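Here the protein sequences come in this chain order: A and B.
So the mapping is simple: my numbering equals the position in the first sequence, first residue as 1, plus 23.
So the mapping is simple: my numbering equals the position in the second sequence, first residue as 1, plus 1051.
Built from N, CA and C at the ideal position, the CB exists for glycine as well.
These numbers were taken from a predicted model, which means no experiment stands behind them.
One structure is given below, encoded as structure tokens.
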Amino acid sequence: MTDFSSLSPAQRQAHIQASLKKRHAAERRLKFFGISAITLALSFLAILLFTVVSNGYTALQQTETRVQLSLPVEKLVDEEGKIDLEKSAAFNWSGLVKKAFRAQFPDVKGMSDRRALTDLISANAGYELRQEIEKKGSIDLPAGEYWIKTSDDVDMLMKGRMSRDIPENQRRLKDQQIAWLDELIEQDNVRLVFNKAFFTKADSREPESSGILGAVVGSAMALVVTVILALPLAVMAAVYLEYFARPGRLTDFIEVNINNLAAVPSIVFGLLGLAVFLGFFGMPRSAPLVGGMVLALMTLPTIIIATRASIRAVPPSIRDAALGVGASPMQAALDHVLPLAGPGILTGTIIGVAQALGETAPLIMIGMVAFIVDVPTSITSPATALPVQIFIWSDSAERAFYERSSLAIVFLLMFLILMNLSAVLLRRKLEKKW
Amino acid sequence: MVDSFGYIALTLIVITVASFFVSKNRISSLSSKHKTKSHSLAYYYGLYAAIWTFVPAIILLLLFAVYANQYLETILVSSLREALPELPASFLDLKAAQVKNIANGVLEAEDAVMAEVAREYEVARGQVMNIRFASVMLVGLAGFGYAYFSIAPALESRIIFENFLRNLFFVAAAVAVLTTIGIISSLLFEAFRFFSAYPFLDFFFGTHWAPNAAFKAAGDAATGEVLGSFGMLPVMAGTLLIALIAMLVAVPIGLFAAIYMAEFASRRVRDLVKPTLEILAGIPTVVYGFFAALTAAPFFRSIGLNLGMDVSSQSALAAGGVMGIMIIPFISSLSDDVITAVPQSLRNGAYGLGSTKGETVTRVVLPAALPGLIGAFLLGISRAIGETMIVVMAAGVSANLTANPLESVTTVTVQIVMLLTGDTVFDSPKTLSAFALGITLFLATLMLNIAALSAARRLGEKYD
Chain A
24 MTDFSSLSPA QRQAHIQASL KKRHAAERRL KFFGISAITL ALSFLAILLF
74 TVVSNGYTAL QQTETRVQLS LPVEKLVDEE GKIDLEKSAA FNWSGLVKKA
124 FRAQFPDVKG MSDRRALTDL ISANAGYELR QEIEKKGSID LPAGEYWIKT
174 SDDVDMLMKG RMSRDIPENQ RRLKDQQIAW LDELIEQDNV RLVFNKAFFT
224 KADSREPESS GILGAVVGSA MALVVTVILA LPLAVMAAVY LEYFARPGRL
274 TDFIEVNINN LAAVPSIVFG LLGLAVFLGF FGMPRSAPLV GGMVLALMTL
324 PTIIIATRAS IRAVPPSIRD AALGVGASPM QAALDHVLPL AGPGILTGTI
374 IGVAQALGET APLIMIGMVA FIVDVPTSIT SPATALPVQI FIWSDSAERA
424 FYERSSLAIV FLLMFLILMN LSAVLLRRKL EKKW
Chain B
1052 MVDSFGYIAL TLIVITVASF FVSKNRISSL SSKHKTKSHS LAYYYGLYAA
1102 IWTFVPAIIL LLLFAVYANQ YLETILVSSL REALPELPAS FLDLKAAQVK
1152 NIANGVLEAE DAVMAEVARE YEVARGQVMN IRFASVMLVG LAGFGYAYFS
1202 IAPALESRII FENFLRNLFF VAAAVAVLTT IGIISSLLFE AFRFFSAYPF
1252 LDFFFGTHWA PNAAFKAAGD AATGEVLGSF GMLPVMAGTL LIALIAMLVA
1302 VPIGLFAAIY MAEFASRRVR DLVKPTLEIL AGIPTVVYGF FAALTAAPFF
1352 RSIGLNLGMD VSSQSALAAG GVMGIMIIPF ISSLSDDVIT AVPQSLRNGA
1402 YGLGSTKGET VTRVVLPAAL PGLIGAFLLG ISRAIGETMI VVMAAGVSAN
1452 LTANPLESVT TVTVQIVMLL TGDTVFDSPK TLSAFALGIT LFLATLMLNI
1502 AALSAARRLG EKYD
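This is the structure in structure tokens:
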């Protein structure tokens, strides 16, 4: 510290000017740190979204190749010309498709070459043709051109996700296979079409026939259970705590518990579900019912807190008026306050459910991580959920699953944005200013 | 039909609705007959009867849902033991599942013995289901009968109904408490079973974590002999290392962002940036995990290769760094709240003494907000150690006791997921150890949360 009294006014002035500069520089530094912190955080967000979208958008397309098929009608239909399911089940669809595909390359001989050739088309191609024909119920085109899916490796190469430049021994498609493929491309026998399977199928071992429908249905079922359980419980609890709880230790204890549950790691809820719902009560594993119950316990605090806030936002005069004309406290709460708090409760619930939609860990704990090829039909049948499906796919080695995982994330984020947006809009539209 | 839960519940609801209208009509006719006014409005008598019809019956139905399966399970196990005395205990569950599938017609019986057991099981199940249907209906009708005959104009049905609702509301509020009790008791119960097979101190202070050794010798696990090694120190150290990296990313960015937004930013910037930052908080953790495992980890690895360092493909740095990004909005919004809660009078005092805005922030506002900020950081740490998906996808599974962020470490949550997924015998020490980890995690986060809340409360008291 300088002793100011010994300085002349001019010196003092100079000293202050000098230190002011430093002090303003310090402030600018602080501001700069703040702006760079925000910029950094926002660029993380941008990088994250860009990575996911740029990796995922190609999964909207799927490569197909043209083959000339002749279906042996007499081996598949009954007297009336309808597909006979028993005959169809006995028929070697896969062999038919493979043979038709190989027919384009009559020069390819030898076991290993022929296998390398058929590796270009999807292992599920025969099965999917069978499903398509069985669904149609009759054979319209006994002999003609059909488009079948290629294998995921070909798909990746066509979309530029697999480079032709890397050494052959590190590439999943060998030079010979690429040469065959180039021949097909030259004959205009390869095309990229909209990837319908992604939206209409459940999980599969083959990336080209796997989709998110099963997971979306599983998530939807679990969330319906969550709302059915959590919403009434939360509203009742909130009404109790706002109007009927007597101040005291018990009420304090309940409040502390609610606040604490909101901060318990989600995996602990999964352990609870595993030990109590599955272990003690013997409920079915992997079921959306149990998933929904666990998620309900998790979102309960969120909805309770939102409900209490919106009950408190209703002016006391409403309740007082109801009580004044002779309503009982219960009637005042249920008939007068709650309807007015409705919009707030609704938005709180949507936000809670959006949180639950993104939860993965507790669902893994109760076994919703299983490999399930069917779209679930009931809340007790084995199912998976959308975030869990993302987890399963990003664990797979195939590059094609990586792409599908990214696209699934895009959809998960779109669902979340939709839910949060509707919450914001609802709040704006329904909110009353008193 | 009779053995479907949904069918019984639906029937019960139909009966309940009927009881509502029957009772409502009854009170109307009763009061007009006696020429008296009833105590409550007519529909309260309907609600009164509906409660008596529905509640006892549905409780009974739920009890059946819980205990009927357990009862059937014990019957099945004992009949399996009888039919196949030489069956090893570890195959019992498998066989039991087979029997159920045979009884459900999903599976063909392999041999006569299994077919016989399945038939017995089917008969027993049929009996239980018939008893369930009959008793639930009986209790429902009995409840309705009681309500019907107790209805009289003098009955204070509104009061009874409101008292019932109030108690129901209390139970709903107590669900949060029940959940906490459920978590603690179930985790403790399984953890105690683990500690009866494995020494308590070795678990908390052991430095070697290799649960899979027990898995390889699963046959011996059944005899109660523990072969794995469950010293959780390296797991805990890994958890803390990743949490530390996450906080090193999240605290500076979150705090500076909060300071700027609370003290310097214009309203328009604030209204734009705050919700955008909160998008980061709304992104599911599995997405961060995906990003950490498939983008951040390879990125750090290639940087390391260029610098001539060996970075593990599951480095703590990638998992912790991405986790830090996830925690940024958490820290920034909590800190923002705390900073804006500092009374304006303190700032005005500092300005009055000639401080610049920057000095006011660093010398007056931040020290005043310190307890609340510490609370926010503690909640951030609690988040970080409880976070699961990022580390499951991006951190390692083998427990290394290391402080090097470039190496691969494992965390408590990763181990819980690893131990409890896949084909495991539920009673082995390996699976039980997951619950011991679970209770440790729960208590650690609980303490952090309580500490955070009390720190934040201290701030509130000081300036109110």
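Enclosing beta strand (DSSP E) for residue i [first to last residue]
i, result
"residue 167 of chain A", "166–172"
"residue 215 of chain A", "213–217"
"residue 92 of chain A", "84–93"
Range covered by the alpha helix (DSSP H) that runs through residue i
i, result
"residue 1434 of chain B", "1417–1437"
"residue 1358 of chain B", "It is not in any alpha helix (DSSP H) - residue 1358 of chain B carries neither H nor E in the DSSP assignment."
"residue 178 of chain A", "175–181"
"residue 1287 of chain B", "1284–1310"
"residue 1057 of chain B", "1056–1085"
"residue 1346 of chain B", "Residue 1346 of chain B -> no alpha helix (DSSP H), and no H or E assigned at all."
"residue 114 of chain A", "Where residue 114 of chain A is concerned, there is no enclosing alpha helix (DSSP H), given that its DSSP letter is neither H nor E."
"residue 80 of chain A", "Unbroken run through residue 80 of chain A: none, as it is neither H nor E."
"residue 316 of chain A", "311–336"
"residue 257 of chain A", "236–262"
"residue 501 of chain A", "No answer is possible for residue 501 of chain A: it lies beyond the span of chain A, which begins at 24 and ends at 457."
"residue 368 of chain A", "361–381"
Best match in the options for proximity to residue i [C-alpha to C-alpha]
i, options, result
"residue 1060 of chain B", "B/1090, B/1174, B/1186, B/1243", "B/1186"
"residue 1327 of chain B", "B/1383, B/1161, B/1144", "B/1383"
"residue 1455 of chain B", "B/1363, B/1426, B/1433, B/1404", "B/1363"
"residue 1227 of chain B", "A/133, A/336, A/327, A/92", "A/327"
"residue 1387 of chain B", "B/1143, B/1423, B/1409", "B/1423"
"residue 1283 of chain B", "B/1225, B/1249, B/1368", "B/1249"
"residue 454 of chain A", "A/70, A/442, A/368, A/167", "A/368"
"residue 1350 of chain B", "A/100, A/393, A/44, A/70", "A/70"
"residue 377 of chain A", "A/204, A/441, A/188", "A/441"
"residue 207 of chain A", "A/395, A/144, A/391, A/194", "A/144"
"residue 1116 of chain B", "A/303, A/191, A/395", "A/303"
"residue 363 of chain A", "A/435, A/391, A/334, A/251", "A/334"
"residue 1412 of chain B", "B/1222, B/1199, B/1311", "B/1311"
Residues that residue i contacts on chain C, provided the C-beta gap is smaller than 7 Å
i, result
"residue 1346 of chain B", "No chain C is part of this structure, whose protein chains are labelled A and B."
Cut-off 6 Å between Cβ atoms - residues of its own chain near residue i, not counting five sequence neighbours on either side
i, result
"residue 310 of chain A", "403"
"residue 141 of chain A", "121"
"residue 1152 of chain B", "1158"
"residue 413 of chain A", "428, 431, 432"
"residue 214 of chain A", "87"
"residue 446 of chain A", "370, 373, 374"
With 16 other Cβ atoms within 10 Å as the buried cut-off, status of residue i
i, result
"residue 1322 of chain B", "exposed"
"residue 218 of chain A", "buried"
"residue 36 of chain A", "exposed"
"residue 1360 of chain B", "exposed"
"residue 231 of chain A", "buried"
"residue 1065 of chain B", "exposed"
"residue 299 of chain A", "buried"
"residue 1498 of chain B", "exposed"
"residue 330 of chain A", "buried"
"residue 1285 of chain B", "buried"
"residue 1270 of chain B", "Per-residue confidence for residue 1270 of chain B stands at a pLDDT of 46, beneath the threshold of 50, marking its modelled position as unreliable; the derived number appears in the next sentence. It is exposed - the Cβ of residue 1270 of chain B has fewer than 16 other Cβ atoms within 10 Å."
"residue 1169 of chain B", "buried"
"residue 134 of chain A", "exposed"
Cβ shell of residue i (< 8 Å), same chain only, five flanking positions each side left out
i, result
"residue 1316 of chain B", "1324"
"residue 469 of chain A", "Chain A is shown only over 24 to 457; residue 469 of chain A falls outside these bounds and no answer can be derived."
"residue 1496 of chain B", "1433, 1436, 1437"
"residue 1079 of chain B", "1093"
Cut-off 7 Å between Cβ atoms - residues of its own chain near residue i, not counting five sequence neighbours on either side
i, result
"residue 1267 of chain B", "Confidence in residue 1267 of chain B is poor, its pLDDT being 45 and thus under 50, which makes the residue's placement unreliable; the coordinate value appears in the next sentence. Cβ neighbours of residue 1267 of chain B beyond the five flanking positions: none."
"residue 1091 of chain B", "1207, 1208, 1209"
Determine, using beta-carbon pairs with one atom in the segment 1433–1447 of chain B and one in the segment 1368–1376 of chain B, whether at least three such pairs fall under 8 Å. Contact between the segment 1433–1447 of chain B and the segment 1368–1376 of chain B is established, with three or more Cβ pairs separated by less than 8 Å.
With three or more beta-carbon pairs closer than 8 Å as the criterion, would you say the segment 1490–1508 of chain B touches the segment 1463–1471 of chain B? The answer is yes - the segment 1463–1471 of chain B touches the segment 1490–1508 of chain B, with three or more Cβ pairs under 8 Å.
Would you call the segment 392–409 of chain A and the segment 225–233 of chain A in contact, with 3 or more CB pairs under 8 Å? yes
Using a Cβ distance threshold of 8 Å, determine whether the segment 1233–1252 of chain B contacts the segment 1106–1126 of chain B, with at least three qualifying pairs required. no
May I ask you to verify whether the segment 346–363 of chain A touches the segment 276–283 of chain A, counting CB pairs closer than 8 Å and requiring at least 3? no
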